[in-house]
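Heads up, the sequence shown is in our numbering, so the first residue is 2 and it goes up one at a time.
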Amino acid sequence: MTTQVKDPKHYPALRNLQFSPLKQGDEQYILLWDPSRLSHEKLVIPLPFFFLFQFFDGEHSLEQLGAEYLKKYGEFLMPDKLSQLVTDLDDKLFLEGERFEQAKAAAVTAYRQGPVRKPVYAGKSYEADPEQLRKQIDSFFDSKEGPEQKPSEHQGARIQAIVAPNVEPKEAGPIYAWAYKELREAVTPDVFVVIGTCHTELAHGIAMTDKDFETPLGVIPSYRPILDHVRTHGGAMFFDDDIRHEQEHSIEFQLPFLQHAIGSQRQVSIVPVLCSFPPDVLANAELKPLFEDIDAFLVSLKEAITASGQHVCVIGSASLAHIGLRYGDNKPPTDFSFHRCMQTDLEMLKKVEEMKPEEFAQFILTEGDARHIMGFSTIFLLMKLIEAEKGEVLRYDRGITDQFNSTVTYASISFF
Numbered sequence: 002m003t004t005q006v007k008d009p010k011h012y013p014a015l016r017n018l019q020f021s022p023l024k025q026g027d028e029q030y031i032l033l034w035d036p037s038r039l040s041h042e043k044l045v046i047p048l049p050f051f052f053l054f055q056f057f058d059g060e061h062s063l064e065q066l067g068a069e070y071l072k073k074y075g076e077f078l079m080p081d082k083l084s085q086l087v088t089d090l091d092d093k094l095f096l097e098g099e100r101f102e103q104a105k106a107a108a109v110t111a112y113r114q115g116p117v118r119k120p121v122y123a124g125k126s127y128e129a130d131p132e133q134l135r136k137q138i139d140s141f142f143d144s145k146e147g148p149e150q151k152p153s154e155h156q157g158a159r160i161q162a163i164v165a166p167n168v169e170p171k172e173a174g175p176i177y178a179w180a181y182k183e184l185r186e187a188v189t190p191d192v193f194v195v196i197g198t199c200h201t202e203l204a205h206g207i208a209m210t211d212k213d214f215e216t217p218l219g220v221i222p223s224y225r226p227i228l229d230h231v232r233t234h235g236g237a238m239f240f241d242d243d244i245r246h247e248q249e250h251s252i253e254f255q256l257p258f259l260q261h262a263i264g265s266q267r268q269v270s271i272v273p274v275l276c277s278f279p280p281d282v283l284a285n286a287e288l289k290p291l292f293e294d295i296d297a298f299l300v301s302l303k304e305a306i307t308a309s310g311q312h313v314c315v316i317g318s319a320s321l322a323h324i325g326l327r328y329g330d331n332k333p334p335t336d337f338s339f340h341r342c343m344q345t346d347l348e349m350l351k352k353v354e355e356m357k358p359e360e361f362a363q364f365i366l367t368e369g370d371a372r373h374i375m376g377f378s379t380i381f382l383l384m385k386l387i388e389a390e391k392g393e394v395l396r397y398d399r400g401i402t403d404q405f406n407s408t409v410t411y412a413s414i415s416f417f
């Protein structure tokens, strides 16, 4: 007996997209975009259409979608409007189906055949001109929000890791500078494992790539001995999602700061790692296969680092809380709710300073991830990879991301 495949245009299945509220006059809309950036398109839809997306699961027909709309709003949704919505979504590669799979396959082939990973956000999130970029980074260090001019108390020490924001440098550059000042004044490491939060799902929770990374300040080579060791010692699956590196900003945002801090002293080499997994991977039996993948990755990477004989420093590119309508909350944050979020963030970061990764995860689980901690997986992996006695939160701040006061928090942290 064969199973009949359902027509995706009649039984639409929405991909994993990101959404943001918009207000134009008295009307409310939803902006859709693809966080993986396999599609660069955006789509603005009326708020009532957003209600229907919970039924875009490949199991509900267009007729059933229309019935759900009628049940919710007491209005009949014309079939041609619903069909046009599905067509618009499919045209923009926002639906699962043959068009998306073909586009993804073509993107993977092009990325793997390319000589380097190109800078995607230069000229948008930071300066594209090399000289202007150097001046921009200098200005972050010199700003009143930047690090103090006096030498670090860890000057000349052996640094193990830093955490820096993964929001746009033009917005949070001075906070980046706090972490990179510690790196600049420490003993210069040989290799940097750069771990970035991936804003899309990953099959094994991890995505590595052996591409060199180009920035306006030059090309940074990937450190092949560590990458090859992972690939040939049971870690080949961690390269399956290497395409995620092409458009993800988390690693790219760190590299100009790294070149600025270290590049004049020696050639910078990196091991690029993207990650994405929830804190309940440690406790949820249904996520055991994912937990086993992550554990295997940690074992393989630690062995590779040891075998390399290099002084390796880990850089974590991570943000903390995401609060407000843009991130799924029911209302915009107030001054009171932000200050409460800040207090909770700093309490949570004590677990990071104490180098207690499991307690860090449990803290987030206990509150039901109410603050949407995007950088959990990055910070967790970083702590599991290093053997520092403690960490130190150097600076904490926030950024507002939309007209509804949605807010992201972030910090710079050092580990010696």
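Where a beta carbon is used, it is the ideal one built from N, C-alpha and C, also for glycine.
Euclidean distance between Cα positions of residue i and residue j
| i | j | result |
| --- | --- | --- |
| T379 | E76 | 46 Å |
| P190 | P13 | 50 Å |
| L382 | I46 | 38 Å |
| G317 | I196 | 5 Å |
| P290 | L283 | 11 Å |
| T402 | A123 | 19 Å |
| K182 | R113 | 34 Å |
| P131 | I138 | 11 Å |
| G400 | I263 | 27 Å |
| H234 | S301 | 7 Å |
| E287 | E293 | 12 Å |
| I365 | D81 | 45 Å |
| F56 | K72 | 13 Å |
| M384 | V164 | 10 Å |
| P148 | L96 | 46 Å |
| F337 | G26 | 27 Å |
| F54 | L15 | 7 Å |
| Y177 | I207 | 24 Å |
| L94 | V274 | 26 Å |
| W179 | P9 | 50 Å |
Which of helix, strand or coil DSSP assigns to residue i
| i | result |
| --- | --- |
| D229 | helix |
| D351 | For clarity, residue 351 is Lys in the given sequence; the question names Asp instead. Helix, per DSSP. |
| R38 | coil |
| Q29 | strand |
| E60 | coil |
| E293 | helix |
| G147 | coil |
| A123 | strand |
| S251 | helix |
| R118 | strand |
| P279 | coil |
| R372 | coil |
| P334 | coil |
| P257 | helix |
| P9 | coil |
| A106 | helix |
| E169 | coil |
| E73 | Note that residue 73 corresponds to Lys in the displayed sequence, not to Glu. Reduced to three states, the DSSP call for K73 is helix. |
Counterpart residues of residue i in DSSP-defined beta bridges
| i | result |
| --- | --- |
| H323 | V409 |
| I271 | F193 and S223 |
| I163 | I316 and S415 |
| L15 | L96 |
| I401 | T408 |
| I46 | I31 |
| V1 | This structure gives no information on residue 1, because the portion of the chain shown stretches from 2 to 417. |
| P22 | I31 |
Integer Cβ distance of residue i from residue j, believed to fall under 8 Å
| i | j | result |
| --- | --- | --- |
| A1 | L39 | The structure shown does not extend to residue 1, since the chain spans only 2 to 417, so no value can be given for it. |
| A389 | Q161 | 4 Å |
| H323 | H373 | 4 Å |
| E83 | G67 | Reading off the sequence shown, one finds Leu at residue 83, where the question assumed Glu. Their Cβ separation, rounded to whole angstroms, is 6 Å, which keeps L83 and G67 in contact under 8 Å. |
| L228 | S277 | Not a contact, Cβ separation roughly 19 Å. |
Residue i at chain D interface by Cβ criterion, 8 Å
| i | result |
| --- | --- |
| L15 | Reference to chain D is not applicable here, since this structure consists of a single protein chain. |
| query | In chain order, which beta strand (DSSP E) runs of at least 3 residues are fully inside the segment 172-215? | reply | The beta strand (DSSP E) runs of length 3 or more contained entirely in the segment 172-215 are, from start to end of the chain, 192-198 and 207-209.
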